[in-house]
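Participant: Numbering (the working numbering), first residue to last: 28 to 424.
Okay, handing you the structure first.
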């Protein structure tokens with residue numbers, strides 16, 4: 028586990044604090060925040076800094092603006108939403124650097140909150156331009172990173188700024204992510220089960236390889252399972268198969284065998300005549316898999332097998348759905364496992380955007396031990412990669 032300076036270790040009284048948050052939230056047609064999950068997740072860190080006398084300067088990106096400032100990607104509505112949650116005024120800057128921003132920061136008092144405009148309005152952000160990072164850093168005394176969702180990006184506000192602004196500490200959200208994901212990799216409880224799903228094997232190769240030395244059981248579902256089944260010579264009809272990954276899937280199957288890891292694949296399937304929400308569908312086993320149909324979910328026998336493994340686990344890491352859960356007819360596998368995991372005694376760590384959406388849809392979000400806020404960042408951390416935004420922080424004493 029990475030031991031980095033925490034905001035618990037810092038005296039914020041009277042200090043200007045540049046805090047990188049992840050306010051990349053969905054907006055509705057009227058440009059209002061339609062899902063405030065990420066804002067709420069940042070609140071403990073925000074409250075801690077302002078309650079301890081810090082002058083809080085928040086920095087975030089929103090969307091992917093292409094050519095400088097774009098009203099579609101302004102953070103103005105985020106400032107309003109944040110003010111409602113905080114119960115106090117949040118001032119909105121017209122930029123994230125420049126004389127106007129400096130003037131607003133100079134006028135701040137202890138406990139004040141200022142939200143900078145979208146850092147990606149400047150090309151220097153994603154290019155990690157030292158001059159831009161230096162200008163961001165110039166307006167603060169302390170740097171805090173609370174944006175786990177962007178910690179895998181070496182951008183100016185996530186990595187570059189820490190070169191010019193020390194101390195650089197982890198906020199509570201970043202700290203919590205590293206604690207739970209780090210524990211799963213470094214000190215897992217056994218039996219340790221990883222549930223890996225999603226469409227493509229290619230997206231999850233590094234995660235599977237990194238988990239092989241740590242898990243007792245690897246459960247595979249979703250479209251990626253059919254590349255593994257093809258590698259075993261099983262019929263898969265017109266199911267999604269990555270032809271150029273069949274050989275690799277075979278090697279992963281052999282690796283699991285060599286390491287004594289139980290690797291489970293679907294034994295029955297919910298197949299459909301076409302990829303659509305109202306497609307004709309039925310349950311079939313390998314023996315009677317129709318040539319012209321495709322698997323869009325795991326079948327009832329597979330659900331029963333997978334659920335039994337989850338009930339006996341002490342730690343479960345879940346990344347990726349078991350089927351096309353967005354379509355009601357093909358959501359049973361994912362929903363069933365989410366509900367089983369919620370009732371189990373296992374520590375449950377859910378990482379990856381689709382898995383989080385699935386857990387929410389199943390209505391069991393509050394029953395999971397930890398739900399990761401980072402999609403790509405979770406994946407890269409689970410792959411064993413160093414996250415630039417984390418590496419840049421000050422080491423703990």
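Don't be surprised by glycine CBs; every beta carbon is placed ideally from N, CA and C.
Nothing here was measured: the structure is a model prediction, and the numbers come from that model.
Is it a yes or a no for the stretch 210 to 227 touching the stretch 347 to 354, going by three-plus beta-carbon pairs under 8 Å?
Facilitator: Flag = yes, the stretch 210 to 227 and the stretch 347 to 354 touch.
Participant: DSSP puts residue 320 in a beta bridge; with which residues?
Facilitator: Here residue 320 corresponds to residue number 293 of the chain shown, with the count starting at 1. DSSP, once it has assigned bridges, lists no residue as partnering residue 320.
Participant: Measure the C-alpha to C-alpha separation of residue 28 and residue 203 and round it to an integer number of angstroms.
Facilitator: Position 1 of the chain shown, counted from the start, is the residue given in the question as residue 28. Position 176 of the chain shown, counted from the start, is the residue given in the question as residue 203. Since pLDDT at residue 28 reaches only 45, below the 50 mark, its modelled position is unreliable, and the value read off the structure follows with that caveat. Approximately 12 Å between the Cα atoms of the pair.
Participant: Please report the straight-line C-alpha distance between residue 130 and residue 40, rounded to a whole angstrom.
Facilitator: Stepping through the chain shown from its first residue, residue 130 is reached at position 103. Stepping through the chain shown from its first residue, residue 40 is reached at position 13. Roughly 20 Å between the two C-alpha positions.
Participant: Closer than 7 Å by C-beta to residue 194: which residues in its own chain qualify, once you throw out the five before and the five after it? Chain order, please.
Facilitator: Within the chain shown, the letter at position 167 stands for residue 194. 32, 37, 169, 421, listed in sequence order.
Participant: From residue 90 to residue 316, what does the alpha carbon distance come to, in whole angstroms?
Facilitator: Residue numbering aside, residue 90 sits at position 63 when the chain shown is read from its first letter. Residue numbering aside, residue 316 sits at position 289 when the chain shown is read from its first letter. Each residue's alpha carbon lies about 42 Å from the other.
Participant: Is residue 342 helix, strand or coil when you go by DSSP?
Facilitator: What you label residue 342 is simply residue 315 of the chain shown in a count that begins at 1. Strand.
Participant: In its own chain, which residues sit with a C-beta less than 8 Å from the C-beta of residue 371, not counting the 5 before and 5 after it?
Facilitator: In the chain shown, the residue the question calls residue 371 occupies position 344. Contacts found: 337, 338, 340, 343.
Participant: How many angstroms separate the CA atom of residue 162 from the CA atom of residue 54?
Facilitator: Reading the chain shown from its first residue, position 135 is the one you call residue 162. Reading the chain shown from its first residue, position 27 is the one you call residue 54. Each residue's alpha carbon lies about 29 Å from the other.
Participant: Nearest to residue 310 by alpha carbon, out of 303, 391, 295?
Facilitator: Walking along the chain shown from the start, residue 310 turns up at place 283. Ranking 303, 391, 295 by Cα distance to residue 310 puts 295 first.
Participant: State the Cα-Cα distance for the pair residue 401 and residue 383, rounded to the nearest angstrom.
Facilitator: Residue 401 sits at position 374 when you count from the first residue of the chain shown. Residue 383 sits at position 356 when you count from the first residue of the chain shown. Their Cα atoms are separated by approximately 10 Å.
Participant: So, helix, strand or coil for residue 136, using DSSP?
Facilitator: Along the chain shown, one-based indexing puts residue 136 at 109. In the structure shown, residue 136 sits in coil (DSSP, three-state: anything other than H, G, I, E or B).
Participant: Taking the beta carbon of residue 159 as the centre, do at least 16 other beta carbons fall within 10 Å, making it buried, or is it exposed?
Facilitator: If you number the chain shown from 1, residue 159 lands on position 132. Per the 10 Å Cβ criterion, buried.
Participant: Taking residue 18 as the reference, give the member of 167, 377, 390, 423 with the closest Cα.
Facilitator: The chain is shown only over 28 to 424; residue 18 falls outside these bounds and no answer can be derived.
Participant: Whole angstroms are fine: how far does the CA of residue 184 sit from the CA of residue 200?
Facilitator: Counting from 1 along the chain shown, the entry for residue 200 is found at position 173. Counting from 1 along the chain shown, the entry for residue 184 is found at position 157. Rounded to the nearest angstrom, the two C-alpha atoms are 17 Å apart.
Participant: Might you give, ordered along the chain, the residues of its own chain that have their beta carbon closer than 6 Å to the beta carbon of residue 250, omitting 5 neighbours on each side?
Facilitator: Translated into positions along the chain shown, residue 250 becomes position 223. Hits under 6 Å: 226, 267.
Participant: Look at the alpha carbon of residue 373 and the alpha carbon of residue 99, and state the distance between them as a whole number of angstroms.
Facilitator: By one-based count along the chain shown, residue 373 stands at place 346. By one-based count along the chain shown, residue 99 stands at place 72. Answer to the nearest angstrom: the Cα atoms are 43 Å apart.
Participant: Need the endpoints of the alpha helix (DSSP H) that residue 234 sits in, please.
Facilitator: As a working mapping, residue 234 is identified with position 207 in the chain shown. Start and end: 232 to 238.
Participant: What are the start and end residues of the beta strand (DSSP E) that includes residue 375?
Facilitator: As a working note, residue 375 is residue 348 in the chain shown. First-last of the beta strand (DSSP E) with residue 375: 374 to 377.
Participant: Comparing alpha-carbon positions, which option in 190, 388, 43, 306 lies nearest residue 80?
Facilitator: One-based indexing of the chain shown puts residue 80 at position 53. With distances taken between Cα atoms, residue 80 lies closest to 43.
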